[in-house]
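Per our numbering, residue -14 is the first one in the sequence shown, and the count goes up by one each step.
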Amino acid sequence: MATGGSLITLVATIIGLGVSAQVLADRFRVPSVLFLIITGILVGPVGLGIVSLSTFGNGLSTIVGLSVAIIMFEAAFHLKIEKFNEARSTTFRLVTVGAVIALVGTALAARFFLGASWDLAFLIGALLVATGPTVITPILQIVPVRSRVGSALELEGVTNDVTAAILAVAVFEFVIAPEEGISTILIAFAERLGTGILFGVIVAAVIWYLLNHVDLSPDNAPQNARLIVLAGALIAYGSADALFSEAGIAAAVTAGFVLGNADLPYEESIENFKGDVSLVVLSFVFITLGALIQFDTFTSLGLGGIAVVLAVALLIRPVIVFVSTIGGRISFREKLWMTAVSPRGIIPASVATLFALELQSSGMAEAATLLSGTVFLVILATVVFEGGFARHYAELLDIIPMRAIIVGGGKVGRNLATRLEDRGEDVVIVEDDEEMVETARNEGFSVHIGDGTDSDVLQAAGAENASTIVATTGDDDVNLLVAQLAVTTFDTEQVVSRVNQPENEDAFKDLDIETISSTMATSWAIDNRIERPALWNWMTELGRSGDVQEFEVTAEDVAGRTIAELGDAIPDGCLIALVDRDGENMVPDGDFDLRPGDRITLVGQNEAVQNALSRFHPHD
């Protein structure tokens, strides 16, 4: 164990390396866990030998435990109830049916590929149920997937971390004393989960009372609120864990979730503070995790260890995702990405290390090596190949959507949201009417509750990253203010507003805001239905069978060629209907040559239009 002075220097060095890894991750748009675990390997026994299991003595498990409590509390604090509503059925199945599939499937893989005993195989399975916020959150920070996909993964990570930690302890008690029977597992699980929830609720209630009913000193109230919440997270963890090991994780998560959904003063200040603290401790625990990896335990597993990793990543995870997303609004490509992104994190690593030490002290050295080797091999492989390439997978599958914000959750807003989502955009509806919020959520839309005329509400809904903001309410004053905020505050690329009263249209045009007049739109629709019924019928099918896309030509080998010369590049089932050049619309013929900056309109069947879009407007 390191001495006091050298230990302080070592901890400071680890945190410094962790912060550097975070900065590098942001620079190269790679999840930070990849850089952190590689840094840990470099300073560990297989690298420079600066950090090892004995460096921190008996205090390592305590340090890691408190760090994990902060991370789990912070992750749960951000889990709002509305996030659960965005992917309710998917999330429920991920944390129930999905957890069972992970447990049983991984246990079977460990049994048949590694020859582990059934009790040890289920212990490995219990530990690898977890994904966790320590690995999912950094991925979602650099891969802006659709809200319902991110919410499902976040909730799965937090919930299954708790499940894995408690279930693993319960199974471990059976491994140590199998004569006690299966009832031991059930009782141990219920004791720890119940204790964690109880302590978490009590601590959350005390904190809520202190922040809302006690004078925290006006000059330092925000700071005192942050410190009280941080202390509460650690107290919830420590008090529950003192009664039953690993019950502290459940307590920290419960306290964080309850407080995050309560009406707290200084909530934004608390969130920012907790986020910064979590980044620091995340750096510490992942570098420490990397330092604990011993490659000789991997080689002892042989090909069986690789087979377990492949089974977990390529067989068990896809089954979990596709079973859990049946009947939901998650697309096939998003499901594929979810199967490719399920890295394991610090919970299975820390608990496996503790169990391995106890197994060794009980004379079960072979079981200890098999347990730690399998768990750490799965962690390393999934962090590197799933976490490290998460953004690349998302870009390959083309699931990073454009964010569109619709202010107004009425029929117009919801119908527009359906069409935009069918084209692959990430749509968020902003609405403050409780009945409309409930209706939109029941239809599966992502809804941000709040007044769309408030810039803070729009910012929280993602306006800074939105390519389109649309105001669809029945109040022209509201729509005008929303559109004005979008133009002046957020500099949104495209701002469109519904105009309910024709006499108000000039006010919008004075701000150069694109408008759709309800009166004119209705008359146009009726005229099209009478005079152009075939076109009208086809237009109403957009997003189901047909599609229309307008975009700028960006493919380098397209500009300068005529439509006739590009014939093979235009798939059957679609055609170039219009070309906008310098504000002038033209219907092109075969001799028309495309130029840089031209905007073309494609009309045709869904798949054909999408293929042509990929050809003429490839991603940067």
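From the three backbone atoms N, C-alpha and C, an ideal C-beta is built for every residue, glycine too.
Val238 sits close to Ala60, with the two beta carbons spaced by under 9 Å. Following the DSSP letters along the chain, one finds Val481 in no alpha helix (DSSP H) but inside the beta strand (DSSP E) bounded by residues Gln479 to Val484. Gly589 has Asp532 and Cys559 as its beta-bridge partners, per DSSP. The Cβ atoms of Gly3 and Ile272 sit closer than 9 Å to each other.
Judged by DSSP secondary structure, Val369 falls outside any beta strand (DSSP E); it is assigned neither H nor E. Under the three-state reduction of DSSP output, Ser285 falls in the helix class. According to the DSSP secondary-structure assignment, Asp578 is paired through a beta bridge with Thr547. Contact between Leu140 and Thr76 is confirmed by a C-beta separation of about 5 Å, below the 8 Å threshold. For the pair Ile56 and Ser263, the CB atoms are nearer than the 9 Å cut-off. Within the stretch 111 to 170, no run of beta strand (DSSP E) at least 3 residues long lies entirely inside it.
Lys396 counts as exposed, since fewer than 16 other beta carbons sit within 10 angstroms of its beta carbon. When DSSP reads this structure, Met571 sits in a beta bridge with Val564. The beta carbon of Ser440 sits closer than 7 Å to the beta carbons of Leu470 and Thr474 from its chain, once the five residues preceding and following it are set aside; these are given in chain order. In this structure, DSSP gives Thr500 an extended state, which the three-state scheme calls strand. Taking a 10 Å sphere around the C-beta of Arg329, we find 16 or more other C-beta atoms and assign the residue as buried. Here the alpha carbon of Asn427 sits roughly 34 Å from the alpha carbon of Ala111. Rounded to whole angstroms, the gap between the alpha carbons of Gly217 and Gly25 is 30 Å. Ser202 has its alpha-carbon roughly 50 Å from the corresponding atom of Tyr378. With a minimum length of 4 residues, the unbroken runs of alpha helix (DSSP H) contained wholly in the stretch 26 to 83 fall at 45 to 62, 66 to 71 and 73 to 80. His602 sits in coil when the DSSP states are folded into three classes, being neither helix nor strand.
Phe20 is the residue among Ile(-1), Phe20, Ala(-3) and Thr(-2) whose C-alpha sits nearest the C-alpha of Val8. Taking the Cα of Ala155 as reference, the smallest distance to any Cα among Ala173, Leu105, Ile291 and Thr284 is reached at Ala173.
Under the three-state reduction of DSSP output, Ser102 falls in the coil class, being neither helix nor strand.
In the structure shown, the three-state DSSP call for Glu537 is strand.
For the pair Asp146 and Pro118, the CB atoms are nearer than the 9 Å cut-off. Counting other Cβ atoms within 10 Å of its Cβ, His433 reaches 16 or more and is therefore classed as buried. Ranked by how close their Cα comes to the Cα of Thr144, the residues Ile234, Ala353, Gly313 and Ser431 have Ile234 in first place. In this structure, the CA atom of Asn197 is about 31 Å from the CA atom of Ser132. For Ser230, the number of other beta carbons within 10 angstroms of its own is at least 16, and it is reported as buried.
Assignment of beta-bridge partners to Glu516 by DSSP yields no partner.
In this structure, Ala94 and Ala296 form a Cβ contact; the two beta carbons are roughly 4 Å apart against a cut-off of 8 Å. Around the CB of Glu319, 16 or more other CB atoms lie within 10 Å, so the residue is classed as buried. As for any alpha helix (DSSP H) of minimum length 4 sitting wholly inside the stretch 397 to 468, the runs are 419 to 427 and 440 to 445, ordered along the chain. According to DSSP, Ala389 shares a beta bridge with Val412 and Thr453.
Counting C-beta atoms within 10 angstroms of its own C-beta, Arg580 has fewer than 16 neighbours from the protein chains shown and is therefore classed as exposed. Looking at the DSSP output, Arg584 sits in a beta bridge with Glu537 and Asp565.
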